[in-house]
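Working notes, beginning with the structure itself.
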């Protein structure tokens, strides 16, 4: 089995999501060397991983995996792909090896300006109304709303964003596994208009522990995490903690002190693990300038070349950005960035000001 | 006219409350020298102050003022009195010159462990319920609840505290001026069971500006200021700002983001001018150790000697306090503190641990 891409996908099949021990080995030796270690039952490799790898070799090849993905309407992306959302690499040794994706939008571009709206399954009408309204307003500004597809706040967030924008559902099982069952039509709508993302192969059932490892992805994929209702002890707190540990801003909506569903939000605010958000303006402020300068390059210019989109998304109207910085941010090489800038300059969409490039507004 | 006490009371009659210009002169030269400057129409003295002083001299002497106070059931205290609440001196040049007090409790002792509960006049049933419940719980723990006697949150706070504890109302007019009129019976109950305090002589009508200068006293007299409901722009914010500027902890209660009456609280929390409080426990935490170690020396031991009370209030069960520190904190001299400690030690209420004195619990 050759190719980095195939190695990443193989790792995604045999390693438990978020396992930092294998992740560290991969950071040090690369995916292909670690697969060899797994094959040779190296002492650093847990027994179940090697066993799973043996079964995988019996029936799996890159072609089979691609076909399996296609069969459920999914594509597989790894960090070798330009569509890979590089912000997720901030997870370090806990970075996923591959992502299974259902949905047309470009994963990397869609998540460049994104907010996680998460919260309790045991929500109240008050919390659901906030989640729905804030998500609708964020989506309307071209900001992608990410959540976990669960009952309560998650569902309200997806529904609000679907009213006119982009929403991404990060699931704990395979992308074709409908969970919870009652959300079959909601998940189908998200797959039609947005994205469903998983780090596990199709068919993988949801497992209790994987909800927590999934939460790290929601925190890492987004720029800001917003908690709308959470009980004192809740899984939502784990998403907030992941975002906090990743130095991503965390916001929480306050509510009546008499509501148990707001107790977790109040604790986060009191302990300065989240700032208080009482409106979408508070969230947009946390997003910083980018969100306001580049509201929705994807939606506003669907005809644009993918490289031009990446360059546009990396530019600001307020300050100029050097060519070097554009190369770093866009993931393109110097020639590709220059070509894109040439086309954008000709269309009067960007301008050079002596120091660097900026958006023309 | 002789005597420091008489000088302070004269100043309280002729200087606008909280005027820092005269306050600074008093800090530098002392009250008697400033009165001479006022009498001589010194160029540092605003004309109206000198004019008011002339009228005052015509009809006022220390004896007359004391009689006037007595006539409305009040006593006058100045910083020359042991009952003076020394924490108010933190106001510096804006410290009141004298306080008119109605009510039996000892002003200094009552305010040693006190919390301000303030908020909007345009309150909601939600906010009133919080104010009433928190005040009742605080009062029950022997913590004095201070507020301003206004409609809405203030009234709910006083009413909650009256259910079994001590409450202090700091008014913007004279102590005998009923404002608002509808609170006549509430103010009468506070006068019976708690304290009504003003820095203005009896009969002084409330003035718009004096509500703001009054707020500085509420902030300075208390250890913690708690805001329960406030609109985005409100007078309550001035109390919070005064407390913040005095380095006193400020807490605010969250509420539904849909309630305009909570918008001011949310702003204070978001801007880190207040910490979020969702229960009395949060407030007690801000009060620190003292509140828990000495829940209510006044109410628990009504038969105690006043000096013993002052010493007890300055002690903690958790750490020992030296004799020097007790002298500083209690306002008593070494002999008085030692006598009190002797009596308290004999009653097994305090113990010496080699380094200093602590409470026996």
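Chains as they are written, first to last, in this note's numbering: chain A, 1 to 361; chain B, 1001 to 1361.
Ideal placement from N, C-alpha and C gives every residue a C-beta, glycine not left out.
1) For residue 1213 of chain B versus residue 1017 of chain B, is the C-beta distance shorter than 7 Å?
2) The segment 241-256 of chain A: which residues have C-beta closer than 7 Å to a C-beta of chain C, in chain order?
3) Starting from residue 1086 of chain B, follow the alpha helix (DSSP H) in both directions and report where the run begins and ends.
4) With 9 Å as the limit, tell me which residues of the segment 1223-1235 of chain B have their beta carbon closer than that to any beta carbon of chain A; keep them in chain order.
5) For a test of the three-state rule: what should DSSP assign to residue 291 of chain A, helix, strand or coil?
6) With DSSP as the reference, identify every bridge partner of residue 1075 of chain B, one or two as the case may be.
7) Helix or strand or just coil, what does DSSP make of residue 226 of chain A?
8) Would residue 29 of chain A pass as an interface residue toward chain B - the criterion being a Cβ-Cβ separation below 7 Å?
9) Please work out which residues of its chain come closer than 7 Å, Cβ to Cβ, to residue 1103 of chain B, disregarding the five sequence neighbours upstream and downstream, and give them in chain order.
10) With DSSP run on the structure shown, which of helix, strand or coil describes residue 261 of chain A?
11) If contacts are defined as beta-carbon pairs under 8 Å, then residue 1287 of chain B and residue 1311 of chain B qualify, I think. What distance do you get, rounded to the angstrom?
12) Kindly indicate which three-state DSSP category residue 359 of chain A falls into: helix, strand or coil?
13) On the CB-based measure, 16 or more other CB atoms within 10 Å of its CB, does residue 1252 of chain B come out buried or exposed?
14) Can you give the Cα-Cα distance for residue 1276 of chain B and residue 266 of chain A, rounded to whole angstroms?
15) Distance, Cα to Cα, residue 163 of chain A vs residue 129 of chain A?
16) Are the CB atoms of residue 1123 of chain B and residue 1152 of chain B nearer to each other than 7 Å?
17) Going by beta carbon distance, what residues of the same chain come within less than 7 Å of residue 327 of chain A, once the five residues before and after it are set aside?
18) Ignore the nearest five residues each way along the sequence and tell me which others in residue 13 of chain A's own chain have a CB closer than 6 Å to its CB.
19) Name the chain A residues that come within less than 7 Å of residue 1275 of chain B, Cβ to Cβ?
20) Between the alpha carbons of residue 181 of chain A and residue 203 of chain A, how many angstroms are there, rounded?
21) For residue 60 of chain A, which of A/119, A/22 and A/9 has the nearest alpha-carbon?
22) At 3 residues or longer, and completely inside the segment 90-171 of chain A: list those beta strand (DSSP E) runs for me, N to C.
23) Among the candidates B/1357, B/1353 and B/1255, whose CA atom is the shortest distance from the CA of residue 1325 of chain B?
24) Give me whichever residues DSSP pairs with residue 1198 of chain B in a beta bridge.
25) What's the gap between the Cα of residue 1110 of chain B and the Cα of residue 1050 of chain B?
26) Could you tell me the distance, in whole angstroms, from the CA atom of residue 97 of chain A to the CA atom of residue 1241 of chain B?
27) Given a cut-off of 7 Å, decide if residue 1139 of chain B and residue 1165 of chain B are closer than it, judged by their beta-carbon atoms.
28) Name the residue from B/1161, B/1147 and B/1156 whose alpha carbon lies nearest to the alpha carbon of residue 1171 of chain B.
29) Tell me whether the beta-carbon of residue 160 of chain A lies closer than 7 Å to the beta-carbon of residue 132 of chain A.
30) Can a CB atom of chain B be found closer than 7 Å to the CB of residue 278 of chain A?
31) Along the beta strand (DSSP E) that carries residue 1042 of chain B, what are the first and last residues, could you check?
32) Since residue 1320 of chain B and residue 1345 of chain B are thought to touch, with beta carbons under 8 Å apart, how far apart are those beta carbons, to the nearest angstrom?
33) Starting from residue 244 of chain A and walking both ways along the alpha helix (DSSP H), at which residues does that stretch end?
34) Between residue 1244 of chain B and the rest of its own chain, which residues show a CB-CB distance below 6 Å, the 5 nearest in sequence each way excluded?
35) Let me see if you follow: with CB-CB separation under 7 Å, is residue 13 of chain A close to chain B or not?
36) Could you give the first and the last residue of the continuous alpha helix (DSSP H) run that contains residue 1013 of chain B?
In short:
1) Within the second chain, numbered from 1, the residue matching residue 1213 of chain B stands at position 213. Within the second chain, numbered from 1, the residue matching residue 1017 of chain B stands at position 17. Yes, the pair counts as a contact, with Cβ atoms nearer than the cut-off.
2) The chain inventory of the structure shown lacks chain C, comprising the protein chains A and B.
3) On the second chain, residue 1086 of chain B is found 86 positions in, with the first residue counted as 1. Judged by DSSP secondary structure, residue 1086 of chain B falls outside any alpha helix (DSSP H); it is assigned neither H nor E.
4) Within the segment 1223-1235 of chain B, no residue has a Cβ that lies closer than 9 Å to any Cβ of chain A.
5) Reading the first chain from its first residue, position 291 is the one you call residue 291 of chain A. Unreliable placement is indicated for residue 291 of chain A, whose pLDDT of 40 sits below 50; the coordinate value is still reported in the next sentence. Reduced to three states, the DSSP call for residue 291 of chain A is helix.
6) Numbered from its first residue, the second chain carries residue 1075 of chain B at position 75. Answer is B/1101.
7) Locating residue 226 of chain A in the first chain gives position 226, where the first residue counts as 1. DSSP, read as helix, strand or coil, puts residue 226 of chain A in strand.
8) The residue given as residue 29 of chain A occupies position 29 in the first chain. No, no contact with chain B.
9) In the second chain, counting from the first residue as 1, residue 1103 of chain B sits at position 103. The residues are 1191, 1194, 1195 and 1196.
10) The residue you call residue 261 of chain A lines up with position 261 of the first chain. Three-state result, residue 261 of chain A: helix.
11) Residue mapping note: residue 1287 of chain B aligns to position 287 of the second chain, counting from 1. Residue mapping note: residue 1311 of chain B aligns to position 311 of the second chain, counting from 1. About 20 Å separates the Cβ atoms of residue 1287 of chain B and residue 1311 of chain B, ruling out a contact at the 8 Å cut-off.
12) Translated into the one-based positions of the first chain, residue 359 of chain A becomes position 359. Residue 359 of chain A falls in the strand class under three-state DSSP.
13) Along the second chain, one-based indexing puts residue 1252 of chain B at 252. Answer is buried; the Cβ neighbour count reaches 16.
14) For the purposes of this step, residue 1276 of chain B is identified with residue 276 of the second chain, where counting begins at 1. For the purposes of this step, residue 266 of chain A is identified with residue 266 of the first chain, where counting begins at 1. Near 7 Å, if we compare the C-alpha coordinates of residue 266 of chain A and residue 1276 of chain B.
15) Taking the first chain and counting its residues from 1, one reaches residue 163 of chain A at position 163. Taking the first chain and counting its residues from 1, one reaches residue 129 of chain A at position 129. Those two C-alpha atoms are separated by around 14 Å.
16) Numbered from 1 along the second chain, position 123 holds the residue referred to as residue 1123 of chain B. Numbered from 1 along the second chain, position 152 holds the residue referred to as residue 1152 of chain B. Taking 7 Å as the Cβ cut-off, residue 1123 of chain B and residue 1152 of chain B qualify as a contacting pair.
17) Residue mapping note: residue 327 of chain A aligns to position 327 of the first chain, counting from 1. Result list for residue 327 of chain A: 333, 334 and 337, in chain order.
18) Translated into positions along the first chain, residue 13 of chain A becomes position 13. For residue 13 of chain A, where only same-chain residues beyond five positions count, the Cβ hits under 6 Å are 56 and 201.
19) Mapped onto the second chain, residue 1275 of chain B falls at position 275. Going along chain A in sequence order, the residues near residue 1275 of chain B (Cβ under 7 Å) are 270.
20) The count along the first chain starts at 1 and reaches residue 181 of chain A at position 181. The count along the first chain starts at 1 and reaches residue 203 of chain A at position 203. When rounded, the distance between both Cα atoms is 14 Å.
21) Position 60 of the first chain holds residue 60 of chain A. Minimum Cα distance to residue 60 of chain A is reached at A/9.
22) 98-102, 114-118, 144-147 and 167-170
23) If you number the second chain from 1, residue 1325 of chain B lands on position 325. Taking only the C-alpha atoms, the option nearest residue 1325 of chain B is B/1357.
24) Counting from 1 along the second chain, the entry for residue 1198 of chain B is found at position 198. According to DSSP, which records beta bridges pairwise, residue 1198 of chain B is partnered with B/1100.
25) Along the second chain, one-based indexing puts residue 1110 of chain B at 110. Along the second chain, one-based indexing puts residue 1050 of chain B at 50. Each residue's Cα considered, the two are about 36 Å apart.
26) To locate residue 97 of chain A, count along the first chain from 1; it is residue 97. To locate residue 1241 of chain B, count along the second chain from 1; it is residue 241. So the two alpha carbons sit approximately 51 Å from each other.
27) Numbered from 1 along the second chain, position 165 holds the residue referred to as residue 1165 of chain B. Numbered from 1 along the second chain, position 139 holds the residue referred to as residue 1139 of chain B. With respect to residue 1139 of chain B, residue 1165 of chain B sits close: the two C-beta atoms are nearer than 7 Å.
28) Position 171 of the second chain holds residue 1171 of chain B. Among B/1161, B/1147 and B/1156, the Cα nearest to that of residue 1171 of chain B belongs to B/1147.
29) Here residue 160 of chain A corresponds to residue number 160 of the first chain, with the count starting at 1. Here residue 132 of chain A corresponds to residue number 132 of the first chain, with the count starting at 1. Yes, these two residues count as a Cβ contact at 7 Å.
30) By 1-based counting over the first chain, the position of residue 278 of chain A is 278. Cβ-Cβ to chain B under 7 Å: yes for residue 278 of chain A.
31) Taking the first residue of the second chain as position 1, residue 1042 of chain B is located at position 42. Annotation for residue 1042 of chain B: no beta strand (DSSP E) segment contains it, and DSSP assigns it neither H nor E.
32) Within the second chain, numbered from 1, the residue matching residue 1320 of chain B stands at position 320. Within the second chain, numbered from 1, the residue matching residue 1345 of chain B stands at position 345. The pair is not a contact, with the Cβ atoms about 13 Å apart (cut-off 8 Å).
33) Position 244 of the first chain holds residue 244 of chain A. 236-245 is the extent of the alpha helix (DSSP H) around residue 244 of chain A.
34) The count along the second chain starts at 1 and reaches residue 1244 of chain B at position 244. Taken in chain order, the residues that qualify are 1250 and 1273.
35) Position 13 of the first chain holds residue 13 of chain A. Cβ-Cβ to chain B under 7 Å: no for residue 13 of chain A.
36) Stepping through the second chain from its first residue, residue 1013 of chain B is reached at position 13. Start and end: 1004-1014.
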